[in-house]
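Its first residue numbered 20, the sequence shown is counted upward by one per residue in our numbering.
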Amino acid sequence: MVGEWQLDDGRVVDDPLAPLFFVSYAVIKPPGRATGGRREANSNALRLFTELSIHVNALVSRPAGADPGFINRNMRGGERWTPELLEAVGTCQVFVALLSPAYLDSEWCAMEWDLFASRTIVRRDGRPTHETGILPVSWAPADSCEPPNRLQWFSPDGTPDEDVVPNYHQEGLYGLLSMKYDASDVVIWKLAQRVVELSRSHWVEPRVLTAPNGLARKFSRRGA
Numbered sequence: 020m021v022g023e024w025q026l027d028d029g030r031v032v033d034d035p036l037a038p039l040f041f042v043s044y045a046v047i048k049p050p051g052r053a054t055g056g057r058r059e060a061n062s063n064a065l066r067l068f069t070e071l072s073i074h075v076n077a078l079v080s081r082p083a084g085a086d087p088g089f090i091n092r093n094m095r096g097g098e099r100w101t102p103e104l105l106e107a108v109g110t111c112q113v114f115v116a117l118l119s120p121a122y123l124d125s126e127w128c129a130m131e132w133d134l135f136a137s138r139t140i141v142r143r144d145g146r147p148t149h150e151t152g153i154l155p156v157s158w159a160p161a162d163s164c165e166p167p168n169r170l171q172w173f174s175p176d177g178t179p180d181e182d183v184v185p186n187y188h189q190e191g192l193y194g195l196l197s198m199k200y201d202a203s204d205v206v207i208w209k210l211a212q213r214v215v216e217l218s219r220s221h222w223v224e225p226r227v228l229t230a231p232n233g234l235a236r237k238f239s240r241r242g243a
């Protein structure tokens, strides 16, 4: 179990071992013994997680042994909820959702999203906020799906290369990684900056379940 969290004189005291971010993605199952593109979709998600973790570690000081983020490494996916997964999605501060048509059709992803979205989020300075702590990332081309609940896409704005943002929205981060396009490095760096910015300005109250009972298994199509 991660360390305890508490409120001290009205101030938030963070759990030093809880992950700052959680990467939620649709696991692609290769049909039969097929390999190649479908398996690559999973490896690209893990590559994103690895690079994002490196960048976040460079931007914040973490205790020894504390991972900056969490991703479900079970490539079969959707078969069982481990205590580690439930704890991570219930204690992380930022929820990074890799949006694609497969993501919006995934019961597993819908439950992860619903659990995080059910947690209370407040600004650390006490001011009102409309933030959710959810960063919808364009994994597939942006015109192939819309973020649930009409949340705004994460966008790598403020980059020196003016082609990065339109290429990211046109191809999706998965597409940029698959093409080995340098813009993917820029997008992941900007994503890391946004993760750290959110974790510093907001706090999401922990909610650790023992089982995923009662969580929504489908996304609302009104916003999707």
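Ideal Cβ positions, reconstructed from N, Cα and C, are used throughout, including at glycine.
Check your understanding: By a C-beta neighbour count over all protein chains shown, 10 Å radius and 16 as the cutoff for buried, is G145 buried or exposed?
Key -> exposed
Check your understanding: Of the choices H221, L234, V214, whose alpha-carbon is the least far from that of L78?
Key -> V214
Exercise for review: Could you pull out every residue in the same chain whose Cβ sits closer than 6 Å to the Cβ of Y122, ignoring the five residues on either side in sequence?
Suggested key: A45, C128
Check your understanding: If you follow the beta strand (DSSP E) that I90 is part of, which residue opens it and which one closes it?
Key -> 88-90
Check your understanding: Which of helix, strand or coil does DSSP assign to L117?
Key -> strand
Exercise for review: Please work out which residues of its chain come closer than 8 Å, Cβ to Cβ, to E190, disregarding the five sequence neighbours upstream and downstream, and give them in chain order.
Suggested key: P160, M198, Y200
**Study point:** Spatially closest choice to D180 from S174, A202, P167, by CA coordinates
**Key:** A202
Point to revise | Contacting residues, own chain, Cβ-Cβ under 6 Å from W158 (five flanking each side not counted) | key: L117, L118, S119, G191, L192, Y193
Check your understanding: In whole angstroms, what separates the C-alpha of S62 from that of F89?
Key -> 15 Å
Exercise for review: May I ask you to verify whether the region 224-232 touches the region 131-142, counting CB pairs closer than 8 Å and requiring at least 3?
Suggested key: yes
Review point. What residues match up with H221 in a beta bridge as DSSP calls it?
Key: R142
Exercise for review: Report yes if the C-beta distance between P38 and P82 is below 9 Å; otherwise report no.
Suggested key: no
**Study point:** Bridge partners - P155, DSSP secondary structure assignment
**Key:** A116
Check your understanding: Using the C-alpha atoms, what's the distance from E70 back to A303?
Key -> Residue 303 lies beyond the stretch modelled for the chain, which goes from 20 to 243, so this question has no answer here.
Review point. Relative to the alpha-carbon of S174, which residue among S72, A107, Q212 has its alpha-carbon at the smallest distance?
Key: Q212
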